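Chains as they are written, first to last, in the working numbering: chain A, 42 to 331; chain B, -6 to 379. We treat Cβ as the ideally placed atom computed from N, Cα and C, and that holds for glycine. A quick note: this is a predicted structure, and the numbers were derived from the prediction, not measured. Taking it in order: structure first as structure tokens, then the write-up.
Next comes the structure, spelled out in structure tokens:
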């Protein structure tokens, strides 16, 4: 006799907030599922994991996860998370947002957080469009792709996000598609257990806007495309992983290296410069709750 | 509770207003600051950058004011008391996060050392042109608290009070200096730590599951707080939300949230508002002033009195919420309000609105760049009582 078991994902979700706002075929939920698996395998104390999102479809992830969660302003999840992490160093802080939020309006924060090696895991769900506002062009929309504000096709060069974050100093950079659920979960697990600025890009379908406008079919067709056109190249030179419209997708773990985090660099400098006069910061988590 | 003695620089000092703000913040228990350089406010964060590593604090310079103004909110939810500091152009960039602080009821302090505007304006010269922006600059409708020091001593006192008010009401508090107050150097007395009252963050004693992040505490309009990492699994959003903090985009939730956030300030105005009255007995005119202009107005009043004017002074220490009741009462007793300010008419509009025709309101306006000539204020007083 079969026993009805609770979905193992449930404990990670605010079930009283479901159903989500995401459309059928959207890839964001798939990535959230992978994230919960990574959390399970990481064995982290979930009370000590905080998630910060910006604005947009992926910006809603924070609200569905049963963690300390912050849904901030458009583009500013990274600096909020940096402040949170610096003030509460005993937390794991994850930023979860979309391509428009992180690389357009939030682009300045993305590059500087990578440069200073802020101790954050940044998950970027890249669906090549602004979903929440109706499918406008983003810095990652491939050349010639149709968006509501590029009705004749996109004509700007795109950001190659793995290359951008690599060049800025990220210690961990990976890219997968929403088809690669096992690999996403593995990458997220590795990244959760690593320190410094970690960046995972996940190419994901937006059937309602991006796929429909570009006559690319439904979510399922996109998954078939991801399966057929993805090439795994771990350690690939990130200069060579730029994306063209509906063409080959190089996926894999591109960067995995060590650098002192922002906090470590800060503490080292103060210790060297101030010696015994340096009074290290005490996390409010270690202070008495009064 | 008393201030942490580790941070308090007890004694008499010769400090400028900017540096005095830094000491006020440290005395208040602030141990996190995020900033971006901008004249004439930079000295505040420079001092924090120097002092924090010696008192267990953290300062981080960010890539812009957008980042600095939200990093402090992240730090507050991590459990720190936090401040950011700026001037005109930076204040404009910070507006969105002042709104986020308001809707998420985040206790935080923003210091603005005002300079001439609009835009880049007069980076090194004073103005008081951001007074309405402090209250109305961020979109949507909410109330916050703004304080106006007129001396380096008050920069210390009011920065400290700003932190205490922020915790008391879970609200962003603005400390509105001007370039002259920020850069003038005077005696500043910092009391012993055991004579400095600090309002601790009001953490809930309820357990996770019983606690709602935006449910007002018993007998209060202000909810208690928790911080990230304490097991409460809070959700904090800039969307309209219910008492759990969950997005609730409907008319009922909006009405309830906005009106309580208004009421927690407006029903406590008598506890929040402070002012300084002088020579009001028998006065025919009252000078309403704030910040550096109140110092210049002293001289203007003296000159006017020498020519026979009966003039008193009402100095705004709390600019927002505005001392409405006090101005209404005064308007029944005097011939005129004289309102000098380094802008083209901002607080004078409030005075005029509240005087409601019962007495005259005489704005003495100055576009900024320097302070008023006291004789101009004196002439306005003499004209007002004639």
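C-beta neighbour in chain A for residue 239(B), strict 8 angstroms: yes
Cutoff 8 angstroms: residue 159(B) Cβ touching any chain A Cβ: no
Contacts around residue 345(B), its chain only, beta-carbon distance under 7 angstroms, and the 5 residues preceding and following it disregarded: 354
Proximal residues, the stretch 110 to 137 of chain A versus chain B, C-beta separation under 7 angstroms: 110, 111, 112, 113, 114, 117, 120, 121, 122, 123, 124, 125, 127, 128, 129, 131, 132
Between the CA atoms of residue 208(B) and residue 111(B) - distance to the nearest angstrom: 40 angstroms
Beta carbon proximity, residue 100(B) to chain A, threshold 8 angstroms: no
Residue range of the alpha helix (DSSP H) that includes residue 70(B): 58 to 70
Minimum Cβ-Cβ distance from residue 70(B) to chain A less than 8 angstroms: yes
Residue 93(A) beta carbon less than 8 angstroms from that of residue 113(A): yes
Opening and closing residue of the alpha helix (DSSP H) in which residue 285(B) lies: 285 to 299
Residue closest to residue 355(A), alpha-carbon to alpha-carbon, out of 165(A), 130(A), 275(A): Coverage of chain A is limited to positions 42 through 331, which leaves residue 355(A) absent and any answer about it impossible.
Residue 157(B): first and last residue of the uninterrupted alpha helix (DSSP H) it sits in: 145 to 162
Straight-line Cα distance separating residue 10(B) from residue 188(A): 52 angstroms
Beta strand (DSSP E) segment containing residue 179(B), residue limits: 178 to 183
Cα-Cα separation, residue 15(B) to residue 166(B): 15 angstroms
Given residue 326(A) as reference, the closest of 235(A), 90(A), 140(A), 78(A) once Cα atoms are compared: Here the closest residue by C-alpha is 90(A).
Contact residues within the stretch 82 to 102 of chain A, judged by C-beta distance below 7 angstroms to chain B: 88, 89, 91
Below-8 angstroms beta-carbon distance, residue 237(A) vs any chain B residue: no
Contact set between residue 320(A) and chain B, taken where Cβ atoms lie within less than 8 angstroms: Going along chain B in sequence order, the residues near residue 320(A) (Cβ under 8 angstroms) are -1, 46, 47, 48, 49.
Secondary structure of residue 165(A), DSSP reduced to three states: Three-state DSSP puts residue 165(A) in a strand.
CB contact check: residue 230(B) to chain A, cutoff 8 angstroms: yes
7 angstroms Cβ shell around residue 225(A) - same chain, five flanking residues per side excluded: For residue 225(A), where only same-chain residues beyond five positions count, the Cβ hits under 7 angstroms are 72, 75, 217, 243.
Proximal chain A residues relative to residue 65(B), where beta-carbon distance stays under 8 angstroms: 124
Distance between residue 264(A) and residue 184(A) (C-alpha atoms, nearest Å): 21 angstroms
Where residue 108(A) meets chain B, residues with beta-carbon distance less than 8 angstroms: Residues of chain B passing the Cβ test: 226.
Proximity of residue 53(B) and residue 27(B) at Cβ, strictly below 8 angstroms: With contacts defined as CB atoms closer than 8 angstroms, residue 53(B) and residue 27(B) qualify as a contacting pair.
Pick from 286(A), 108(A), 279(A) that is closest to residue 213(A), judged by C-alpha positions: Comparing Cα positions, the closest option is 279(A).
Own chain, CB closer than 6 angstroms to residue 159(A), minus 5 neighbours either side, in chain order: Here residue 159(A) has 123, 238, 303 as same chain residues with Cβ atoms under 6 angstroms from its own Cβ, once five neighbours each way along the sequence are excluded.
Separation of residue 150(A) from residue 95(A), as counted between CA atoms: If you take the alpha carbons of residue 95(A) and residue 150(A), they lie about 12 angstroms apart.
Members of the stretch 295 to 319 of chain B that neighbour chain A once the beta carbon cut-off is set at 8 angstroms: none
Residues that residue 58(A) contacts on chain B, provided the C-beta gap is smaller than 9 angstroms: Ordered by position in chain B, the residues that pass the 9 angstroms Cβ test against residue 58(A) are 228, 239, 240.
Counted within 10 angstroms of its Cβ, other Cβ atoms place residue 77(A) as buried (16 or more) or exposed: buried
Residue range of the beta strand (DSSP E) that includes residue 315(A): Looking at the DSSP string, residue 315(A) is not in any beta strand (DSSP E); the run it does join, the alpha helix (DSSP H), is 303 to 315.
Helix, strand or coil at residue 237(B) according to DSSP, with G and I counted as helix: coil
The stretch 311 to 322 of chain A touching the stretch 44 to 53 of chain B, judged by at least three CB pairs closer than 8 angstroms: Touching, per the Cβ criterion.
Interface flag, residue 57(B) vs chain A, CB-CB below 8 angstroms: yes
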